[in-house]
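Take any residue in the sequence shown, count from 1 to its spot, add 14: that is its number in the working numbering.
Ideal Cβ positions, reconstructed from N, Cα and C, are used throughout, including at glycine.
Below is one structure; the comments refer to it alone.
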Amino acid sequence: MQRINWNNPPEDPGGLSFADLKRMYGIVWRAWQEAKRKNKERLATLSASRKDELALRQEKKVLTSKVKLISKKAAAAQSFKETSGWSAGAISCVTILWAAFSEYGYPGPAWLFEHEIVYGGACWVATTFFAWAAKAYYGAD
């Protein structure tokens with residue numbers, strides 16, 4: 015009679031008695047049930063971690079879009095400050111020029127330079143020139 019190591023059962027059950035086979039079946043059954051239980055736990059853990067991962071990805075998307083929006087707003091505010099400064103400079107230049115013209119005389123007929131269309135055209139030309147200078151200064155496309 016061979017002694018059976020129940021922790022490491024033989025591969026071939028040929029020499030085992032029915033009682034040994036029954037005992038072996040119980041061991042294998044419990045091991046299989048334990049493996050199923052562990053597999054369910056593993057799948058539950060993976061499912062929960064997957065849900066957490068998806069939630070984190072969604073949160074990352076939302077936060078990234080908010081950061082981009084904040085960055086765009088900050089860039090727009092900075093651009094507004096820069097362009098409004100150049101625009102104010104252009105209008106100030108034309109206003110000072112017109113004040114000098116009215117004080118010291120116009121470079122042509124006074125009725126022409128006192129007309130609103132000529133003043134508006136001068137403002138447009140000065141603003142365009144200052145915009146071109148700002149574009150060259152900031153290296154914009």
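Rounded to a whole number of angstroms, what is the C-alpha to C-alpha distance between residue i and residue j?
{"i": "Gly99", "j": "Ala62", "result": "55 angstroms"}
{"i": "Thr109", "j": "Trp146", "result": "19 angstroms"}
{"i": "Gly119", "j": "Thr97", "result": "32 angstroms"}
{"i": "Ala136", "j": "Cys107", "result": "10 angstroms"}
{"i": "Ala140", "j": "Glu67", "result": "57 angstroms"}
{"i": "Lys65", "j": "Trp46", "result": "28 angstroms"}
{"i": "Lys86", "j": "Lys149", "result": "19 angstroms"}
{"i": "Val76", "j": "Lys95", "result": "28 angstroms"}
{"i": "Pro27", "j": "Arg44", "result": "18 angstroms"}
{"i": "Ala91", "j": "Leu83", "result": "12 angstroms"}
{"i": "Leu30", "j": "Ala49", "result": "25 angstroms"}
{"i": "Lys54", "j": "Leu60", "result": "10 angstroms"}
{"i": "Lys36", "j": "Arg51", "result": "23 angstroms"}
If you reduce the DSSP assignment to three classes, tell me which class residue i lands in.
{"i": "Gly119", "result": "coil"}
{"i": "Trp20", "result": "coil"}
{"i": "Leu77", "result": "helix"}
{"i": "Glu25", "result": "coil"}
{"i": "Ser31", "result": "coil"}
{"i": "Glu48", "result": "helix"}
{"i": "Glu67", "result": "helix"}
{"i": "Glu55", "result": "helix"}
State buried or exposed for residue i, treating a residue as buried only when at least 16 other CB atoms are found within 10 Å of its CB.
{"i": "Phe32", "result": "exposed"}
{"i": "Ala124", "result": "exposed"}
Nearest to residue i by CA position, among the options, is which residue?
{"i": "Gly103", "options": "Ile84, Lys82, Phe143 and Tyr133", "result": "Phe143"}
{"i": "Glu128", "options": "Met38, Tyr39, Lys75 and Trp112", "result": "Trp112"}
{"i": "Met38", "options": "Ala114, Lys50 and Trp20", "result": "Trp20"}
{"i": "Asp34", "options": "Asn22, Ile18, Ala49 and Arg51", "result": "Ile18"}
{"i": "Gly40", "options": "Pro23, Arg56 and Lys52", "result": "Pro23"}
Taking 7 angstroms as the cut-off, is the beta-carbon of residue i closer than that to any non-hydrogen atom of the ligand COA?
{"i": "Glu130", "result": "By its list of ligands, the structure shown contains no ligand whatsoever, and the ligand COA lies outside what it can speak to."}
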